[in-house]
Amino acid sequence: FAFHFYMPIFLFFLQVLLDFSTGFHVKEWDENGMARWKTFRRQKREWIKFAAACREGEDNSKRNPIARIRSDCEENNPITYSISGVGIDRAPYGIFVVNPRTGEINITSIVDREVTPVFIATLLPYLLIRCFAKHSVTGIDLEPPLELRVRVLDINDNPPIFAQTVFTGSVEESSMDNTLVMKIIATDADEPNHLNSKIAFKIESQEPAGPPMFIMNKYTGELHLANYLDREVTFPLPKLNNMILWCMCVMRVRKKETEERGHMVFYKN
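What follows is the structure in structure tokens.
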């Protein structure tokens, strides 16, 4: 016997049905609107796992039930369904609940990836829910536990943070153009290796007007000498669009006895 696992899946021109007596069936529509069935038969009993996606920082209850579990043992036995894991019986508690009779899994509260310990500790983009089917009278497990991965989609809700508030570098008076002056380090709390955590460095402006004294590598944060440094250069804080997440640090560049200062603004799309 095996679990039948259902959840709402929104696909274009694709309908998925599960029938463990004959295999895994997919109904497809071609470009002419004609339907056809494909059957993927299994050689042995196995679990089929789907990720039920939820969006961080949003009320996902409108998507309920986000999943449904069902054992075909219920045809001959009274079954009680239960779940366990982070967001259930581990902090933060009560995010997910299951109907013990129907096996429907609902989400009841908003998820914040950056404050949920499992995301911070593992850097995984999903929560693991362990699903159980027990005999309602004897309490005996009728199925081995099913692991359901609930992916939490990251949103761009965190500004970049500099490793320190002041970065200090130095350059010799006789240095050639493109000499490395310093490297700016910054991090972002959004999902790693995702567009939301991608960062870019930029010097907004330099005063007084004229050839730029420094150039910034947009991707690495490296500050290079662009011209002969013979006077104080400033980088004032620019006017920023409210839709841009940003932060600011101070860069100090020392040439002999003269201290050159500037402000560097860090943007995140």
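The sequence shown maps to residues -23 to -1, 1 to 246 in mature numbering (1 follows the signal peptide of the UniProt record, and there is no 0).
Note that beta-carbon positions come from the ideal geometry of N, C-alpha and C, so glycine has one too.
This one's a predicted model, so the numbers in the text were calculated from it and none came from an experiment.
For residue i and residue j, what's the separation of their Cα atoms in angstroms?
i    : j    : result
I72  : I176 : 31 Å
E150 : P189 : 16 Å
R208 : S152 : For R208, the predicted structure reports a pLDDT of 45, less than 50, and the residue's modelled location is therefore unreliable. A value from the coordinates is still provided. Taking the straight line joining both Cα atoms gives about 15 Å.
S174 : R67  : 27 Å
C50  : D131 : 37 Å
E33  : N133 : 10 Å
I60  : V92  : 22 Å
K195 : F178 : 5 Å
E168 : L101 : 9 Å
I138 : A166 : 9 Å
N37  : I87  : 7 Å
I46  : E35  : 24 Å
L222 : A140 : Since pLDDT at L222 reaches only 48, below the 50 mark, its modelled position is unreliable, and the value read off the structure follows with that caveat. For L222 and A140, the distance between alpha carbons rounds to 17 Å.
E52  : N135 : 49 Å
S48  : I117 : 14 Å
C31  : T197 : 33 Å
T79  : P69  : 24 Å
L172 : D154 : 33 Å
E81  : K39  : 14 Å
How close, in whole Å, do the beta carbons of residue i and residue j come, if the pair is a contact with beta carbons under 8 Å?
i           : j   : result
residue 253 : T57 : Residue 253 is absent from the model: the chain starts at -23 and stops at 246.
L125        : A44 : 6 Å
V129        : R90 : 6 Å
Quick one: residues in its chain with C-beta nearer than 7 Å to the C-beta of residue i, no 5 flanking neighbours on either side, listed in chain order?
i    : result
V74  : N83, T85
T156 : V148, H201, L202
Who are the Cβ neighbours of residue i in its own chain at under 8 Å, not counting the five residues just before and after it?
i    : result
P122 : R107, C108, F109
P55  : H112, S113, V114
Going along the chain, which residues of its own chain have a beta-carbon closer than 6 Å to the beta-carbon of residue i, five neighbours each way excluded?
i    : result
M159 : F144, G146, L200
N204 : P188, M190
I65  : F73
Would residue i be called buried (16 or more neighbouring beta carbons within 10 Å of its own) or exposed?
i    : result
A163 : buried
N170 : exposed
N246 : Low local confidence applies: a pLDDT of 46 at N246 is under 50, so the model's placement there is unreliable, with the coordinate-based value given in what follows. Answer is exposed; the Cβ neighbour count stays below 16.
List the endpoints of the continuous beta strand (DSSP E) containing residue i.
i    : result
T145 : 143 to 147
R128 : 123 to 130
V75  : 73 to 75
C108 : 103 to 112
L157 : 157 to 160
A44  : 44 to 48
A177 : 177 to 179
I84  : 81 to 84
M193 : 191 to 193
L202 : 199 to 202
T57  : 56 to 61
Answer yes or no: the CB of residue i versus the heavy atoms of the ligand SAH, is any distance below 7 Å?
i   : result
R45 : No copy of the ligand SAH occurs in the structure displayed, which carries no ligand at all.
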